[in-house]
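Working notes, beginning with the structure itself.
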Amino acid sequence: MIHVELDMLQTAGIGALALVVGMVLTRRVAFLQKFCVPSPVSGGLIFSLITLGLYTWGGIEVSFDDTLMKIFMLAFFTCVGFQCDLTMLKHGGKPLIMMLVLLVIMIVLQNSMALGITWLMGTDPLLGITAGSVSMTGGHGTAGGFAEVLENMGLKGADTIGMAAATFGLIAGSMLGGPLADFIIRRKLKQEQIQAMDDEIDPAMAGIESDEASPAGRAQRVSTNEQEFQQYAKASYYILMVMGGGTLLSWLFNKLGVSFPSYFGALILAAIVRNVMGAIRYKENGERVRADRLLDMERIVSVGNICLSMFIGMAMVSLQLWELKHLALPLIVILVSQVVLMALFVYFVAFRMLGSNYNAAVLCAGLCGFGLGATPNAMANMSAICYKYHYAAKPFIIVPIVGSMFTDLINTGLITLFLSLLSRFFL
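To convert a position in the sequence shown, counted from 1, into the numbering used here, add 218.
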């Protein structure tokens, strides 16, 4: 067996190439567009299949340096922390609270069922955690973030297993959400219930849309190149400062004996910074405004998306797919069971808890999307339902708040709890 080791810059270069290849594929392949498959996943999978071929038929094992991959991951989750604005809870009302409750229940069920299957099949319980909410609700980002923790606990190939499971969930979430919500609407709602919903567009969104419709309104949002550079530079500085402070917080967690992933300190610190600044007011042009507007969240989110794309691209090309051979059957059983569980949970529990109306059905489509895949899948699922019936405003406010602001935070905490219980009683 010939071993080829690539350094961190070569790994980053191939990850970026995989991202570009994926962008081309996504534009040209209808299947990838339909199921909202991210560009780094489609492009990275090609490269991981190439390395699998080299290993299987050429006797060449390619290994990658994950130094920069960890930095991109840390930057992404720092940006996620900045998006955790607790004041947004009041804008979603009861459905938002119900979605958060459902999220907690769903994560517990995903992990509990996966652990139960590994127990019945006599397989490593860490496989159940990896194929549970780590890769289902968490997606590629959380799967990569927890890979090192799971490897250290004894699960060989945790990154490969997590990425494979997350890719399966991404596609399954898109395939399940729309048809299931459509079935719920046809089976459980009458025509007058569908039409009776008050689906006025949110006034704030209507204001933005009306502004954008006029040349003067658009001009307010046009920046010069220099202004754009300064805004992105400032956002990057905030991210780097919190990343640095977050490593100290992660070190403290580890000293306390808690198995949080390396990104959790930065995520928590970013959320604290965002909400403390949100509570501070200062005067600008005679008006009192929130200090967190200084963070320039639009740019922080953009930088986070760039870092996520690079992280997933590098993680996907680094997959060692040959490590899945001995885990194929248990992994397939767990993943298929996750899809069945989601369908039953949405049909019998979520729809009722969310109000048993048209908005609830649309939210169910979104729940399938980010419960098995990612927030973009959730938005695509809901858009497909609304295109067939009619627009529903609240789901498009609630799902991005839950999916982008709170999912990773809640999921990380619950996964850590499960891992702590496993370490204490079963490992």
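Backbone N, C-alpha and C define an ideal beta-carbon position, used for all residues, glycine too. If you're wondering where the values come from, they're calculated on a predicted model, not measured in any experiment.
Three-state secondary structure assigned by DSSP to residue i
| i | result |
| --- | --- |
| K452 | helix |
| V280 | strand |
| L224 | strand |
| V507 | strand |
| Y481 | coil |
| Y273 | helix |
| Y607 | coil |
| K374 | coil |
| K501 | strand |
| V247 | coil |
| C302 | coil |
| V259 | helix |
| D514 | coil |
| F624 | helix |
| E427 | In this predicted model, E427 has a pLDDT of only 36, less than 50, meaning its place in the structure is not dependable; the value taken from the coordinates is given anyway. Of the three classes helix, strand and coil, the one that applies to E427 here is helix, per DSSP. |
| A488 | helix |
| A592 | coil |
| F644 | coil |
| G475 | coil |
| M219 | coil |
| L585 | helix |
| K408 | coil |
| E418 | In this prediction, E418 scores a pLDDT of 43, lower than 50, which makes its location untrustworthy; no coordinate-derived value is stated. |
Presumed contact (8 Å Cβ cut-off) between residue i and residue j, rounded CB distance
| i | j | result |
| --- | --- | --- |
| L585 | G299 | Rounded, the Cβ-Cβ distance is 23 Å, inconsistent with contact. |
| M381 | M532 | Incorrect: roughly 11 Å between the Cβ atoms, too far for contact. |
| A383 | T341 | The Cβ separation is near 14 Å, so there is no contact. |
| L263 | M534 | 6 Å |
| L407 | A579 | 7 Å |
| L224 | L545 | No, L224 and L545 are not in contact; Cβ-Cβ is about 25 Å, not under 8 Å. |
| L542 | I379 | 7 Å |
| M331 | S555 | 6 Å |
Residue j beta carbon less than 7 Å from that of residue i
| i | j | result |
| --- | --- | --- |
| F265 | A236 | yes |
| S353 | N595 | no |
| Y450 | R517 | yes |
| S527 | P258 | yes |
| G522 | F290 | no |
| L292 | Y481 | yes |
| Y456 | L513 | yes |
| L327 | P343 | no |
| G587 | N599 | yes |
| I603 | A583 | yes |
| A484 | V460 | yes |
| P211 | G363 | Outside the shown range of the chain (219 to 645) lies residue 211, about which nothing can therefore be said. |
| A489 | C302 | yes |
| L318 | N493 | no |
| T285 | M226 | yes |
| I616 | L398 | no |
| T355 | I402 | no |
| P613 | L581 | yes |
| V247 | G261 | no |
| M306 | I619 | yes |
### Task
Jot down the residue ranges of each uninterrupted alpha helix (DSSP H) in the region 518-583, minimum 4 residues, whole runs only, in chain order.
The DSSP assignment places complete alpha helix (DSSP H) segments of no fewer than 4 residues inside the region 518-583 at 546-563, in order along the chain.
### Query
Can we say the region 571-590 touches the region 361-372, given the rule of at least three CB pairs closer than 8 Å?
no
### Query
Using 8 Å as the threshold, is the region 529-540 in touch with the region 270-290, meaning 3 or more CB pairs across them?
A contact exists between the region 529-540 and the region 270-290.
### Query
Given 8 Å as the limit, is there contact between the region 590-610 and the region 627-641, that is, 3 or more CB pairs closer than that?
Output reads no: the region 627-641 does not touch the region 590-610.
### Query
Can you list the alpha helix (DSSP H) stretches of 4 or more residues lying completely in the region 329-366, in chain order?
343-347
### Task
Examine the Cβ distances between the region 545-562 and the region 389-406 and report whether three or more of them are shorter than 8 Å.
yes
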